[in-house]
Amino acid sequence: QKEVEQNSGPLSVPEGAIASLNCTYSDRGSQSFFWYRQYSGKSPELIMSIYSNGDKEDGRFTAQLNKASQYVSLLIRDSQPSDSATYLCAVRGGGGNKLTFGTGTQLKVEL
Amino acid sequence: KAGVTQTPRYLIKTRGQQVTLSCSPISGHRSVSWYQQTPGQGLQFLFEYFSETQRNKGNFPGRFSGRQFSNSRSEMNVSTLELGDSALYLCASSSEDNSPLHFGNGTRLTVT
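Same order as they appear, the protein sequences are chains D and W. Residues 2 to 112 in our numbering are what the first sequence lists, from first letter to last. Residues 43 to 154 in our numbering are what the second sequence lists, from first letter to last.
Have a look at this one:
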């Protein structure tokens, strides 16, 4: 079992729709959770961080965390073509700043 | 504030050679981490340095090494290069524990 799992996609949504990206993790001791966006040929860019159960909203983005179910998700409202990218879920467990990444979900927002 | 700076951006090396990559973190950040990204394996953790000490190490062979200097700048070295070492090498810095990582633009290494 992979430590952090994501559906590789591609996930296709029409412009203006809500995109829902999901991630599960295996380490129950995980403390911090992050979503990164990576455009083709570029480096990962931080979108959201979440540390406690519940929802966290930032503009069009909402991160949701459920530690009991070991599940974290990212919702993108009013999806735009510029949101087309690979979204990486990352989880931090023990000491230090080591992040374990999922393999990413490719999102395509279609006109 | 300047972001994480990695040099060089591109490298082409031959099997058996060695290579050194450099990373300058965001000013004030003391934690520097290195990751390898390949299409097949995704982002894999190499190691993390904090205040010149290696704090975490990933599951890579000893050919991969790194260090951090007193100004928090970091270098990673790969010796006896193999074709499979071809990848995007990403450096990330963080201000403190539990803070997000901020990535540099990466060094794309091609081994021929």
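From the three backbone atoms N, C-alpha and C, an ideal C-beta is built for every residue, glycine too.
Subject >> For W/G84, the residue or residues it bridges with in DSSP >> reply: W/T80
Original post:
Alpha carbon to alpha carbon, how far is W/S93 from W/S66?
Top reply: 14 Å
Original post:
For the beta strand (DSSP E) that D/S21 lies in, which residues bound it at each end?
Top reply: A20 to Y26
Subject >> Contacts around D/Q32, its chain only, beta-carbon distance under 8 Å, and the 5 residues preceding and following it disregarded >> reply: Y52, R93 and G94
Original post:
With distances taken from CA atoms, which of D/T25, D/P11 and D/G10 is nearest D/Y72?
Top reply: D/T25
**OP:** Tell me, please, whether the CB atom of W/S136 is closer than 7 Å to any CB atom in chain D?
**Re:** yes
Original post:
What residue ranges within the segment 66-133 of chain W form continuous beta strand (DSSP E) runs of no fewer than 3 residues, ordered along the chain?
Top reply: 73-80, 84-92, 95-99, 106-110 and 116-120
Original post:
So with Cβ pairs under 7 Å, would you call W/G148 a contact of chain D?
Top reply: yes
Subject >> Supposed close pair W/Q79, W/V120 - CB separation, criterion 8 Å >> reply: Wrong, their Cβ atoms sit about 14 Å apart, outside the cutoff.
Original post:
Candidates D/Q7, D/G10, D/A18 and D/E6: which alpha carbon is nearest D/P82's?
Top reply: D/A18
Original post:
Cβ atoms of D/K99 and W/E138: under 7 Å apart, would you say?
Top reply: no
Original post:
Does D/F35 get closer than 7 Å to chain W when you measure Cβ to Cβ?
Top reply: yes
Original post:
What does a CB cutoff of less than 6 Å around D/Q65 pick up in its chain, not counting 5 residues either side in sequence?
Top reply: D56 and S74
**OP:** Might you give, ordered along the chain, the residues of its own chain that have their beta carbon closer than 8 Å to the beta carbon of W/R57, omitting 5 neighbours on each side?
**Re:** L123, E124, L125, V153 and T154
Original post:
DSSP three-state call for D/P15: helix, strand or coil?
Top reply: strand
Original post:
Is there a Cβ from chain W that is less than 7 Å from the Cβ of D/S27?
Top reply: no
Original post:
Distance, Cα to Cα, D/D59 vs W/K55?
Top reply: 43 Å
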